[in-house]
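Residue numbers (my numbering): 10 to 504. C-beta: ideal position from N, C-alpha, C; glycine also. Worksheet: the structure to be examined is printed underneath.
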Ligand code: DHE
């Protein structure tokens, strides 16, 4: 690091004072970074007070959006705009440089993970009862990605009762302990945070990687498993204080390393299951042994869905097609006739004509596939307004709600009768503005929809009449999660 800083200092003096003209070389751009960005984002770009600035952490930001942040800053954060200090061309070069991988591949090993841990409240130090009047078993959490907050709603009154600041860019579902007291979230840049919802406190945090996919919590409440894409590892933590137990290098039988697509808790099997992005294997890690068992596949899985007993995995690769894997037998038992890019991870199940069916949206086609969970045949393909991300329902409603957020009709959710499979209604919370991701109240009476905009809202609909009941202003609310539905593993939502 000393050598890097010395080299930068030399280049800096060679380029001293020339900041009214754009830097000529990549090394000059690095000088701009070290002078203006490193104090918050780290000289090594791994993050500090601000998030990591590596190509992996920026891949979700569109080029125009990154240039806009560099010029104008980011509202409601410490990030200032640099339009007054640096020429536009310099900022454009900085944006390009930030998307270039560092010369030395950054590492994040067990010692880095251990050193990053912060315990705000030690296990057992907070009272064992909620500090609020609302039913703690019926809270909602809303991930507000606009200003990186987590809002807590009273699930009966549907009013906010608390708001936590979070790490930068949470993604994926928060994962609850079985009693609903604790919730674990992962940020894209590797931070796992544990909140105590009864005390409304952040209790511990640890950085498990530089780019993280998601997190899972064991049903026995002992373990937290995180899946990374950078480095290519899985990280096992003690759930009580987030201390590190083990780092698993993700390397397949062919000695090839792999990014993790996602890791889930398979409660009925008392194990974690991980899909790997670069090698054709699925790993099962039983709580009892904590030793991975690799199931070999014909194709990699980018996305997958479990049946309710967790006997089968329905998996798909981004290139299309799908397969059913019997987890005990450790082999494929059927192919799935799916086209486009099915989003199985977002699927749900219900009973229709006495049989279990599952439905999943499609990221590339305006079509919902409905699959019989006994024969694995597609029983229907429901035409929708366009490609979408999510479908959600609840045991107490006859309807499933789905979006078309990848299409021009991204402002509208369609409502499908789970028996006739006909589209029976639609809602458009705000014409022209993206609406997606539904979660029902514990009793299934109300459907909460995200108006996923900077000045967005959670829009509450009566689930029977499809009439709007109220809206709660939020800053780009992405997902919302009901403690009861999640901890009871409702078949109408993700687990
Ligand atoms: Fe997600 C969950 C992967 C883009 C919003 N998304 C997940 C999960 C995975 C995943 C593996 C399950 C994690 C879990 O719950 O433990 N998502 C991916 C992608 O590969 C993809 C296509 C590209 C990427 O960014 O990595 C992607 N996801 C998006 C978005 O663009 C969304 C719509 C908005 C955003 O801000 O990222 C988005 N993803 C979500 C949400 C969930 C999610 C809201 C949780 C759904 C739930 O109800 O559990």
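Beta carbon of residue i, beta carbon of residue j: below 9 Å?
i	j	result
residue 147	residue 451	yes
residue 256	residue 245	yes
residue 215	residue 253	yes
residue 400	residue 385	no
residue 460	residue 449	no
residue 189	residue 493	yes
residue 291	residue 297	no
residue 444	residue 437	yes
residue 41	residue 105	no
residue 341	residue 306	yes
Exposed or buried, which one is residue i when buried takes at least 16 other CB atoms within 10 Å?
i	result
residue 485	buried
residue 134	exposed
residue 489	buried
residue 34	exposed
residue 127	exposed
residue 136	exposed
residue 429	exposed
residue 360	exposed
residue 113	exposed
Rounding to the nearest angstrom, what Cα-Cα distance links residue i and residue j in this structure?
i	j	result
residue 141	residue 501	28 Å
residue 432	residue 397	15 Å
residue 150	residue 300	33 Å
residue 439	residue 302	48 Å
residue 65	residue 79	18 Å
residue 204	residue 184	11 Å
residue 201	residue 379	35 Å
residue 275	residue 476	37 Å
residue 487	residue 258	31 Å
residue 187	residue 495	9 Å
residue 406	residue 90	48 Å
residue 277	residue 227	11 Å
residue 19	residue 219	Bear in mind that a pLDDT of 34 at residue 19, under 50, signals an unreliable position, so the model cannot answer this.
residue 196	residue 153	13 Å
residue 505	residue 323	Residue 505 falls outside the range modelled here, since the chain spans only 10 to 504, and no answer is possible.
residue 144	residue 45	47 Å
residue 119	residue 388	48 Å
residue 434	residue 447	15 Å
residue 109	residue 63	8 Å
residue 138	residue 230	18 Å
Flag residue i as yes when its Cβ comes closer than 8 Å to any non-hydrogen atom of the ligand DHE, and as no otherwise.
i	result
residue 445	yes
residue 191	no
residue 325	no
residue 354	yes
residue 399	yes
residue 372	yes
residue 223	yes
residue 382	no
residue 69	yes
residue 503	yes
Within the same chain, show all residues whose beta-carbon is closer than 6 Å to that of residue i, passing over the 5 residues directly before and after it, in chain order.
i	result
residue 172	158 and 160
residue 480	466 and 468
residue 478	469 and 471
residue 272	225, 234, 236, 281 and 283
residue 169	160 and 162
Among residues of its own chain, excluding the 5 on either side of residue i, which ones have a beta-carbon nearer than 7 Å to its beta-carbon?
i	result
residue 393	375, 376, 377, 411, 413 and 423
residue 499	403 and 404
residue 351	325, 331, 369, 371 and 378
residue 88	59, 78 and 82
Using C-beta distances below 8 Å, list every residue in its chain close to residue i, excluding the 5 sequence neighbours before and after it, in chain order.
i	result
residue 418	394 and 395
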